[in-house]
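Participant: I am attaching a structure below and will ask some questions about it afterwards.
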Amino acid sequence: SQQGEEDPQALSIQEGENATMNCSYKTSINNLQWYRQNSGRGLVHLILIRSNEREKHSGRLRVTLDTSKKSSSLLITASRAADTASYFCATDLSNTGNQFYFGTGTSLTVIP
Amino acid sequence: EAQVTQNPRYLITVTGKKLTVTCSQNMNHEYMSWYRQDPGLGLRQIYYSMNVEVTDKGDVPEGYKVSRKEKRNFPLILESPSPNQTSLYFCASSPHPWGILISNTGELFFGEGSRLTVL
Numbered sequence: 048s049q050q051g052e053e054d055p056q057a058l059s060i061q062e063g064e065n066a067t068m069n070c071s072y073k074t075s076i077n078n079l080q081w082y083r084q085n086s087g088r089g090l091v092h093l094i095l096i097r098s099n100e101r102e103k104h105s106g107r108l109r110v111t112l113d114t115s116k117k118s119s120s121l122l123i124t125a126s127r128a129a130d131t132a133s134y135f136c137a138t139d140l141s142n143t144g145n146q147f148y149f150g151t152g153t154s155l156t157v158i159p
Numbered sequence: 824e825a826q827v828t829q830n831p832r833y834l835i836t837v838t839g840k841k842l843t844v845t846c847s848q849n850m851n852h853e854y855m856s857w858y859r860q861d862p863g864l865g866l867r868q869i870y871y872s873m874n875v876e877v878t879d880k881g882d883v884p885e886g887y888k889v890s891r892k893e894k895r896n897f898p899l900i901l902e903s904p905s906p907n908q909t910s911l912y913f914c915a916s917s918p919h920p921w922g923i924l925i926s927n928t929g930e931l932f933f934g935e936g937s938r939l940t941v942l
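In order, the protein sequence lines correspond to chains A and B. Residues are numbered in the numbering used here as their position in the first sequence, beginning at 1, plus a constant of 47. Residues are numbered in the numbering used here as their position in the second sequence, beginning at 1, plus a constant of 823.
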């Protein structure tokens, strides 16, 4: 069964706007990671947030984690056309730590 | 350049013809894993390996085999491919799975993918 689910499935915004996508998961985790995938290409790691962290920043990315709600959000500020991609959250379960579960992804389109 | 290399990138084959998708990483990573990506299903883990000679099943291992005889290589073997194995396959590696507990390592490095079609 799917551990993580992203919401929305698709998002279309204008360049310069902020993009927010959410991830919900089902069981306790060690950490949560966000990945980006350009069409048909390999996934690229964006940011990792540990279960004892609530917020993390990296450049134009801001990630939050709410373990009580089992959810995370990824905010991309001042979006660019080059941000057009699919974004996935990945979790590893706290009782194993060696299997990563990916959601189905959010497809982001940034219109120039 | 640090990378995960998969071959072949594209393959069309027929039902029952054994094939191997190779995966090699040059980062001395202990952890390696195979995923398949299908529309609407995201990435699902097939097999993973914590180290040489240590492999374990992921969520969808049926119809696949793996081996880890060397640290850098983790081939995926389809002994008798079937059409339902038509998919986009990704190999990934990570420095150390337990590193996630003590540091900010644990990110996965992905190959560029292998698109397999089984007729």
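Glycine is no exception: its CB is placed at the ideal position from the N, C-alpha and C atoms.
Are F147 of chain A and F135 of chain A touching if we call contact CB-CB under 8 Å?
Facilitator: As a working note, residue 147 of chain A is residue 100 in the first sequence. As a working note, residue 135 of chain A is residue 88 in the first sequence. Cβ distance not < 8 Å, so F147 of chain A and F135 of chain A don't count as in contact.
Participant: If you reduce the DSSP assignment to three classes, tell me which class Q80 of chain A lands in.
Facilitator: Translated into the one-based positions of the first sequence, residue 80 of chain A becomes position 33. Strand.
Participant: Taking buried to mean at least 16 other C-beta atoms within 10 Å of its own C-beta, is I835 of chain B buried or exposed?
Facilitator: Start at 1 with the first residue of the second sequence, and residue 835 of chain B comes out as number 12. It counts as exposed.
Participant: Please identify the residue among A:S75, A:D54, A:R127 whose C-alpha is closest to the C-alpha of T67 of chain A.
Facilitator: The sequence position of residue 67 of chain A within the first sequence is 20, counting from 1. Nearest option by C-alpha distance: A:D54.
Participant: Taking beta-carbon pairs under 8 Å, can you tell me which members of the stretch 80-105 of chain A lie near chain B?
Facilitator: Taking 8 Å as the Cβ-Cβ cut-off against chain B, the residues of the stretch 80-105 of chain A that qualify are Q80, Y82, G87, R88, G89, L90, V91, H92, L95, R97.
Participant: Using a Cβ-Cβ cutoff of 9 Å, what residues of the stretch 146-157 of chain A are near chain B? List them in chain order.
Facilitator: Q146, F147, Y148, F149, G150, T151, G152
Participant: With 8 Å as the threshold, decide whether the Cβ of Q908 of chain B is near any Cβ in chain A.
Facilitator: In the second sequence, counting from the first residue as 1, residue 908 of chain B sits at position 85. Output row for Q908 of chain B: interface = no.
Participant: Just the chain A side, please: which residues come within less than 9 Å of L931 of chain B by C-beta, in chain order?
Facilitator: The sequence position of residue 931 of chain B within the second sequence is 108, counting from 1. Near L931 of chain B (Cβ distances below 9 Å), the residues of chain A are Q80, Y82, L90, H92, A137, F147.
Participant: Can you tell me which of the three DSSP states Q860 of chain B falls into?
Facilitator: Indexing the second sequence from 1 puts residue 860 of chain B at position 37. Note: Q860 of chain B maps to strand in three-state DSSP.
Participant: Below 7 Å CB to CB, which residues in the same chain sit around L95 of chain A once its five sequence neighbours on both sides are set aside?
Facilitator: As a working note, residue 95 of chain A is residue 48 in the first sequence. Cβ neighbours of L95 of chain A beyond the five flanking positions: N78, Q80.
Participant: Where does N849 of chain B fall in DSSP's three states?
Facilitator: Numbered from its first residue, the second sequence carries residue 849 of chain B at position 26. In this structure, N849 of chain B counts as coil in the three-state DSSP scheme.
Participant: Cutting at 8 Å between CB atoms, please list the residues of its own chain near Q84 of chain A, excluding the five before and the five after it.
Facilitator: Position 37 of the first sequence, counted from the start, is the residue given in the question as residue 84 of chain A. Result list for Q84 of chain A: L90, V91, A132, S133, Y134, F135, G152, in chain order.
Participant: Under a Cβ-count criterion, where at least 16 other Cβ atoms within 10 Å of its own Cβ denotes burial, should M784 of chain B be classed as buried or exposed?
Facilitator: Nothing can be reported for residue 784 of chain B, as the shown portion of chain B is limited to 824 through 942.
Participant: Measuring only the C-alpha atoms, how far is L121 of chain A from S105 of chain A?
Facilitator: The residue given as residue 121 of chain A occupies position 74 in the first sequence. The residue given as residue 105 of chain A occupies position 58 in the first sequence. Cα-Cα distance, rounded: 11 Å.
Participant: By Cβ distance, which residues of its chain are closer than 6 Å to M855 of chain B, with the 5 residues on each side in sequence left out?
Facilitator: Working through the second sequence from its first residue, we reach residue 855 of chain B at position 32. Cβ neighbours of M855 of chain B beyond the five flanking positions: S872, F897, S916.
Participant: Please name the residue, chosen from A:R88, A:A128, A:S115, that lies closest to S98 of chain A on a Cα-to-Cα basis.
Facilitator: Here residue 98 of chain A is taken as the residue at index 51 of the first sequence, counted from 1. Ranked by Cα distance from S98 of chain A, the first of A:R88, A:A128, A:S115 is A:S115.
Participant: Flag Y887 of chain B as yes if its beta-carbon sits less than 8 Å from any beta-carbon of chain A, otherwise no.
Facilitator: In the second sequence, the residue the question calls residue 887 of chain B occupies position 64. With 8 Å as the cut-off, Y887 of chain B does not count as an interface residue toward chain A.
Participant: Taking only runs of the beta strand (DSSP E) that begin and end inside the stretch 48-72 of chain A, which ones reach a length of at least 3 residues, in chain order?
Facilitator: 51-54, 57-61, 66-72
Participant: Can you tell me which residues form a DSSP beta bridge with N830 of chain B?
Facilitator: Taking the second sequence and counting its residues from 1, one reaches residue 830 of chain B at position 7. For N830 of chain B, which the question treats as bridged, DSSP gives the partners B:T845.
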